[in-house]
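J.: In the numbering used here, the protein residues as written are 134 to 442. Even glycine gets a Cβ: it sits at the ideal position worked out from N, Cα and C. Could you have a look at this structure, given as structure tokens, before my questions?
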Amino acid sequence: MQSALAPAGDQSAAIERVWDLMLWICVPMYVLVLLALGLAFWRRRPGGYTVEGDRRIAVGLTAFVVLIAGLLTVLTASSYVADRRLHAPVTDPVNVRITAKQWWWQVEYLDADPSKQFTTANELHLPVDRPARIELRTSDVIHSLWIPVLNGKEDLIPGHDNTIVMTPRRTGAYRGQCAEFCGLQHAKMALEVQVDSAGAFDAWKAHQLASAPTPSTPTALAGMHDFTATACAMCHTIAGTDAGGITGPNLTHLASRRTLAAGALPLNRGTLAAWIADPQAHKPGTNMPVVALQPRQLANIVDYLMTLQ
Ligand code: CUA
């Protein structure tokens with residue numbers, strides 16, 4: 134799910150072809166050079182060689198130089214062709230904006246119609262066989278988005294908008310990772326990637342656009358009240374409730390995600406409760422503070438958050 138040698142998209146396939154070509158050119162060349170070196174040792178003469186004195190050496194050297202120049206030209210050309218593929222114009226893309234934050238990813242699905250825009254976190258869903266045009270921003274330091282199965286790395290730089298295009302060709306669950314050292318939790322800054330059929334992607338999108346359902350059990354209902362009445366709501370948004378903070382990840386459909394805290398933990402009741410009770414224990418340095426909660430409040434809030442499918 135995270136290998137540049139198992140491409141699942143057009144751009145990563147173009148990069149992999151260059152990689153293959155380099156391997157198949159450079160390995161035989163390395164062997165050839167070592168063979169020539171071995172031969173020279175084996176057949177050395179006490180007086181040494183001179184190019185003038187042995188025509189075979191002059192011919193051999195010339196052949197080697199021509200071969201090297203030719204192969205380097207092939208590698209340069211293939212690299213150029215791959216680069217053109219990575220930056221080819223696309224039509225009818227899915228428009229996404231990813232904003233890197235210490236240490237998680239905000240993912241916004243853009244649309245000319247504002248009612249069709251929504252925000253999620255740490256999960257990128259894309260339809261297969263359709264290009265995605267992803268705007269890259271950061272709200273703090275330099276990060277780098279790397280989803281090896283779909284494309285190479287692209288930096289997210291303060292004050293400078295970048296764009297990357299990915300055209301997935303194979304459905305499946307993949308993984309991306311921040312590839313630029315960005316502080317204490319750089320290693321725990323992962324991005325889940327899900328490539329779906331067009332139908333499944335549209336269904337996911339429609340679901341994400343909906344507000345969170347009002348909980349039906351008394352504990353979850355109490356949890357909703359506790360969440361919106363405490364500091365939780367200052368940082369997190371849950372659409373359809375009074376929680377509207379934008380500092381932390383949008384939690385409207387938290388329970389539909391596979392992981393917690395940018396891939397740091399699998400998402401279930403236990404990890405969620407442990408994360409809320411003491412975020413620093415799981416991700417030292419994280420900007421998520423400890424909110425003073427009674428044990429009953431914590432249990433209710435976990436009940437509530439797990440209803441946010
Ligand atoms: Cu973000 Cu490393």
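1) Got a list of residues with beta-carbon closer than 6 Å to any non-hydrogen atom of the ligand CUA, in chain order?
2) Could you please give the first and the last residue of the uninterrupted beta strand (DSSP E) stretch that includes Gln310?
3) If distances are taken between C-alpha atoms only, which option among Ala366, Ala372, Ala312 and Pro417 comes closest to Gln442?
4) May I ask you to list the residues that DSSP assigns as paired with Ile290?
5) Please report the residue range of the beta strand (DSSP E) in which Lys234 lies.
6) Straight-line CA distance for Ala312 to His276?
7) Can you list, in chain order, the residues of its chain with a C-beta nearer than 7 Å to that of Val151? Leave out the 5 residues immediately preceding and following it.
8) Pull up the CB-CB distance for Ala254 and Trp238, whole angstroms please, since I reckon it's below 8 Å.
9) Rounded to whole angstroms, how far is the Cβ of Gly316 from the Cβ of Val274, which I believe are closer than 8 Å?
10) With a cut-off of 8 Å, do at least 3 Cβ pairs link the region 425 to 441 to the region 360 to 368?
11) Checking 8 Å against the spacing of the C-beta atoms, do Ile201 and Leu278 come in under that value?
12) Checking contacts by CB at 8 Å: is Asp244 closer than that to chain D?
13) Using the Cα positions of Leu172 and Thr206, report the straight-line distance between them to the nearest angstrom.
14) Cβ of Pro417 within 7 Å of any heavy atom in the ligand ADP?
15) Measure the Cβ-Cβ separation of Pro291 and Arg266 and say whether it is below 8 Å.
16) Taking Pro382 as the reference, give the member of Glu256, Val198 and Arg217 with the closest Cα.
17) Alpha carbon to alpha carbon, what distance is there between Tyr242 and Trp236?
18) Please report the distance separating the alpha-carbon of Ala191 from that of Pro161.
19) Can you list, in chain order, the residues of its chain whose CB lies under 6 Å from that of Leu259, leaving out five sequence neighbours each side?
20) Just list the residues that DSSP pairs Ser277 with in beta bridges.
21) Starting from Phe197, follow the beta strand (DSSP E) in both directions and report where the run begins and ends.
22) Tell me, please, which residues DSSP counts as bridged to Val328.
23) Check whether the Cβ atoms of Ala137 and Pro281 sit closer than 8 Å, and answer yes or no.
24) Compute the beta-carbon to beta-carbon distance between His415 and Leu400, rounded to the nearest angstrom, for a pair I have assumed lies under 8 Å.
25) Residues in its own chain within less than 7 Å of Arg217 by CB, not counting five upstream and five downstream?
26) Assuming His386 and Gln341 form a contact by the criterion Cβ under 8 Å, report the distance between their Cβ atoms to the nearest whole angstrom.
27) Taking the alpha-carbon positions, what's the Arg177 to Asp187 distance?
28) Between the C-alpha atoms of Pro520 and Tyr437, what's the straight-line distance to the nearest angstrom?
T.: In short:
1) The set of residues with a C-beta under 6 Å from any non-hydrogen atom of the ligand CUA comprises Ala233, Trp236, His276, Cys311, Glu313, Phe314, Cys315, His319 and Met322, given in chain order.
2) For the purposes of this step, residue 310 is taken as the residue at position 177 of the sequence shown. Its beta strand (DSSP E) spans residues Gly305 to Cys311.
3) Along the sequence shown, read from residue 1 onward, the residue named residue 442 stands at position 309. It is Ala372.
4) As a first step, residue 290 is located in the sequence shown; it is residue number 157 there, counting from the start. The partner list for Ile290 (beta bridge, DSSP) reads His293.
5) Translated into positions along the sequence shown, residue 234 becomes position 101. From DSSP, the beta strand (DSSP E) with Lys234 extends over Val227 to Lys234.
6) Within the sequence shown, numbered from 1, the residue matching residue 312 stands at position 179. Within the sequence shown, numbered from 1, the residue matching residue 276 stands at position 143. If you take the alpha carbons of Ala312 and His276, they lie about 7 Å apart.
7) Along the sequence shown, one-based indexing puts residue 151 at 18. Within the same chain, and ignoring the five residues on either side of Val151 in sequence, the residues whose Cβ sits closer than 7 Å to its Cβ are Ser211, Ser212 and Ala215.
8) As a position in the sequence shown, residue 254 is number 121, starting the count at 1. As a position in the sequence shown, residue 238 is number 105, starting the count at 1. Their Cβ separation, rounded to whole angstroms, is 6 Å, which keeps Ala254 and Trp238 in contact under 8 Å.
9) Here residue 316 is taken as the residue at index 183 of the sequence shown, counted from 1. Here residue 274 is taken as the residue at index 141 of the sequence shown, counted from 1. Gly316 to Val274, Cβ: 7 Å. Contact.
10) A contact exists between the region 425 to 441 and the region 360 to 368.
11) Translated into positions along the sequence shown, residue 201 becomes position 68. Translated into positions along the sequence shown, residue 278 becomes position 145. No, Cβ-Cβ distance for Ile201 and Leu278 is not below 8 Å.
12) Structure shown: chain D not included; a single protein chain is present.
13) Taking the sequence shown and counting its residues from 1, one reaches residue 172 at position 39. Taking the sequence shown and counting its residues from 1, one reaches residue 206 at position 73. One C-alpha to the other measures close to 27 Å.
14) The ligand content of the structure shown is limited to the ligand CUA, which means the ligand ADP is not among them.
15) Walking along the sequence shown from the start, residue 291 turns up at place 158. Walking along the sequence shown from the start, residue 266 turns up at place 133. Not a contact, by the Cβ cut-off of 8 Å.
16) What you label residue 382 is simply residue 249 of the sequence shown in a count that begins at 1. Among Glu256, Val198 and Arg217, the Cα nearest to that of Pro382 belongs to Glu256.
17) On the sequence shown, residue 236 is found 103 positions in, with the first residue counted as 1. On the sequence shown, residue 242 is found 109 positions in, with the first residue counted as 1. Whole-angstrom Cα-Cα distance: 20 Å.
18) Translated into the one-based positions of the sequence shown, residue 191 becomes position 58. Translated into the one-based positions of the sequence shown, residue 161 becomes position 28. Approximately 22 Å, taken between the alpha carbons.
19) In the sequence shown, the residue the question calls residue 259 occupies position 126. Once the five neighbours on either side are set aside, the close Cβ partners of Leu259 are Ala265, Pro301 and Val328.
20) In the sequence shown, the residue the question calls residue 277 occupies position 144. According to DSSP, Ser277 bridges with Asp288.
21) Your numbering for residue 197 matches position 64 in the sequence shown. Not the beta strand (DSSP E): Phe197 falls in the alpha helix (DSSP H), residues Arg188 to Leu219.
22) Residue mapping note: residue 328 aligns to position 195 of the sequence shown, counting from 1. Answer is Leu259 and Gly305, bridged to Val328.
23) Residue 137 sits at position 4 when you count from the first residue of the sequence shown. Residue 281 sits at position 148 when you count from the first residue of the sequence shown. Yes, the pair counts as a contact, with Cβ atoms nearer than the cut-off.
24) Residue numbering aside, residue 415 sits at position 282 when the sequence shown is read from its first letter. Residue numbering aside, residue 400 sits at position 267 when the sequence shown is read from its first letter. Not really, about 13 Å apart at Cβ, beyond 8 Å.
25) Taking the first residue of the sequence shown as 1, we reach residue 217 at position 84. If we look at Arg217 and ignore the five residues flanking it on each side, it has no Cβ neighbours.
26) Locating residue 386 in the sequence shown gives position 253, where the first residue counts as 1. Locating residue 341 in the sequence shown gives position 208, where the first residue counts as 1. Contact flag correct, Cβ pair sits at about 6 Å.
27) Here the question's residue 177 lines up with position 44 in the sequence shown. Here the question's residue 187 lines up with position 54 in the sequence shown. C-alpha separation (whole angstroms): 13 Å.
28) One cannot answer for residue 520 here, as it falls past the ends of the chain, which runs 134 to 442.
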